[in-house]
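Here's the structure, in structure tokens; my notes come after.
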Amino acid sequence: MAVRIITDSSSDLPKEIQEKYKIEIVPLYIQFGEEQFKAGVNLDNETFYRKMKESKELPKSACPAPYDFLETYKKFPKDEELIVITISKGLSGTYDSAVLAKNMLLEEQPDRTIEVIDSSNGSPGMVLLIIQAARELVSGKTFNEVVRSLNETIPKLNTFILLDTLENVIKGGRLDRFKGAIASALNIRISLRVDLEGKIEVFEKVRGEKKALKKFIDSIGEYTNEYEGKTISLSHSNCEEKGKAVLNEILNKYPFKEGILTEMGPLIGTYAGEGGLVLSFQGPLRNKKI
23 MAVRIITDSS
33 SDLPKEIQEK
43 YKIEIVPLYI
53 QFGEEQFKAG
63 VNLDNETFYR
73 KMKESKELPK
83 SACPAPYDFL
93 ETYKKFPKDE
103 ELIVITISKG
113 LSGTYDSAVL
123 AKNMLLEEQP
133 DRTIEVIDSS
143 NGSPGMVLLI
153 IQAARELVSG
163 KTFNEVVRSL
173 NETIPKLNTF
183 ILLDTLENVI
193 KGGRLDRFKG
203 AIASALNIRI
213 SLRVDLEGKI
223 EVFEKVRGEK
233 KALKKFIDSI
243 GEYTNEYEGK
253 TISLSHSNCE
263 EKGKAVLNEI
273 LNKYPFKEGI
283 LTEMGPLIGT
293 YAGEGGLVLS
303 FQGPLRNKKI
């Protein structure tokens, strides 16, 4: 029996991976003033970053409606099993919409097999889970085996965010302008991480870009010593060359099997701000040093 993987646009899934494994993506809504867009449908990343730079206020995001998910579920034959991987419910209502749509589907088609999984992550963490699921299905694992495997991996995913600018955290009200001005004057770089509930928290404050980047990379070795056969994923916020350089540095330092570079789309890009980096890798247990 065929199994289909569905995710939402906050995964920032690279096009080649989406096409290779036939991943279906449900878009989130992004609003600039009175203009509303669907991420990845009528708003590409280039346009998003340009509009965000020009805007005095941060764009607002809204999760897909349950009907958006239901429409997607019903696109597939009844004998196809569905695995839905969403952004952390600590960051968005997308998971709840996907679950409501699942219940609506089962009312109409009670024999359907569908599982909605809260990734407890965003962007690069979701990419790791999607690739894991896709490869396990290709290898012959069953629907239940893949679901169990994903649920075992989620508590082990570590995700760290390095901000290049404080502009977005100030615009978003997470840091008042006075403190933000002082931090900027002192060249303070803020590092965030995804906590155990899938929410974003301040992790460290480091003075100077080089020191902050070194700490960002060194944190990998502090939270895992499991590299063999593992994949690491790095998302960049409209700074591809910087992202490539950092990923190469990581792969030269740690013997991961592979590294995947992605570009942050509107949702995570709004959190991180231009020039930001988000890193995800699997360790023994989330946020627990080895």
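Quick note on numbering: the sequence shown equals residues 23 to 312 in my numbering.
Backbone N, C-alpha and C define an ideal beta-carbon position, used for all residues, glycine too.
Note that the coordinates shown come from a computational prediction; the quantities given were computed from them, not determined experimentally.
**Prompt:** DSSP state of Glu-57, grouped into three classes?
**Reply:** Numbered from its first residue, the sequence shown carries residue 57 at position 35. In this structure, Glu-57 counts as strand in the three-state DSSP scheme.
**Prompt:** What is the DSSP secondary structure of Lys-100, reduced to helix, strand or coil?
**Reply:** Residue numbering aside, residue 100 sits at position 78 when the sequence shown is read from its first letter. In this structure, Lys-100 counts as coil in the three-state DSSP scheme.
**Request:** Alpha carbon to alpha carbon, how far is Gly-243 from Tyr-276? Give it in angstroms, no decimals.
**Result:** Within the sequence shown, numbered from 1, the residue matching residue 276 stands at position 254. Within the sequence shown, numbered from 1, the residue matching residue 243 stands at position 221. If I take the Cα positions, the gap works out to 8 Å.
**Asked** Is it buried or exposed for Gly-251, if we count other Cβ within 10 angstroms and need 16 for buried?
**Response** Position 229 of the sequence shown, counted from the start, is the residue given in the question as residue 251. Exposed: under 16 other Cβ atoms inside 10 Å.
**Prompt:** For the region 200-268, which segments carrying the alpha helix (DSSP H) assignment without a break, of at least 4 residues, lie completely within its bounds, in sequence order?
**Reply:** 231-245
**Message:** Considering just the uninterrupted stretch of the alpha helix (DSSP H) at Arg-72, what are its terminal residues?
**Reply:** Sequence index remark: in the sequence shown, residue 72 carries index 50 (1-based). 67-76 is the extent of the alpha helix (DSSP H) around Arg-72.
**Request:** Would you mind sorting Asn-64 into buried or exposed? The rule is 16 or more other CB atoms within 10 Å of its CB.
**Result:** Start at 1 with the first residue of the sequence shown, and residue 64 comes out as number 42. Counting Cβ neighbours within 10 Å, Asn-64 comes out exposed, since fewer than 16 surround it.
**Prompt:** Just how far apart, CA to CA, sit Ala-203 and Val-228?
**Reply:** Looking up residue 203 in the sequence shown gives position 181. Looking up residue 228 in the sequence shown gives position 206. Because Ala-203 sits at a pLDDT of 38, beneath the cut-off of 50, its placement in the model cannot be relied upon, and the following sentence gives the value as read from the coordinates. Approximately 15 Å, taken between the alpha carbons.
**Request:** Tell me whether Val-300 sits in a helix, a strand or coil according to DSSP, three-state version.
**Result:** To locate residue 300, count along the sequence shown from 1; it is residue 278. Residue state, collapsed to three classes: strand.
**Asked** In angstroms, rounded to a whole number, what distance separates the CA positions of Ser-259 and Glu-174?
**Response** Along the sequence shown, one-based indexing puts residue 259 at 237. Along the sequence shown, one-based indexing puts residue 174 at 152. Approximately 29 Å between the Cα atoms of the pair.
**Prompt:** In this structure, does DSSP put Phe-182 in helix, strand or coil?
**Reply:** Taking the first residue of the sequence shown as 1, we reach residue 182 at position 160. Three-state result, Phe-182: strand.
**Secondary structure of Glu-79, DSSP reduced to three states** = For the purposes of this step, residue 79 is taken as residue 57 along the sequence shown, with counting starting at 1. It is coil, neither helix nor strand.
**Prompt:** According to DSSP, is Val-168 helix, strand or coil?
**Reply:** Residue mapping note: residue 168 aligns to position 146 of the sequence shown, counting from 1. In this structure, Val-168 counts as helix in the three-state DSSP scheme.
**Asked** How would you label Leu-50, buried or exposed, when you count the other beta carbons within 10 angstroms and need 16 or more for buried?
**Response** Counted from its first residue, the sequence shown places residue 50 at position 28. Looking at its Cβ environment, which holds 16 or more other Cβ atoms inside 10 Å, Leu-50 is buried.
**Item:** Residue range of the alpha helix (DSSP H) that includes Val-63
**Value:** Numbered from 1 along the sequence shown, position 41 holds the residue referred to as residue 63. Where Val-63 is concerned, there is no enclosing alpha helix (DSSP H), given that its DSSP letter is neither H nor E.
**Request:** Would you give the residue range spanned by the alpha helix (DSSP H) that Arg-157 belongs to?
**Result:** Position 135 of the sequence shown, counting from 1, holds the residue named residue 157. First-last of the alpha helix (DSSP H) with Arg-157: 146-160.
**Prompt:** Are Lys-186 and Gly-281 touching if we call contact CB-CB under 8 Å?
**Reply:** By 1-based counting over the sequence shown, the position of residue 186 is 164. By 1-based counting over the sequence shown, the position of residue 281 is 259. Sequence check: residue 186 is Asp here, not Lys. In this structure, Gly-281 does not lie closer than 8 Å to Asp-186 by Cβ.
**Item:** Reduced DSSP secondary structure (H/G/I, E/B, other) of Asp-30
**Value:** For the purposes of this step, residue 30 is taken as the residue at position 8 of the sequence shown. Reduced to three states, the DSSP call for Asp-30 is strand.
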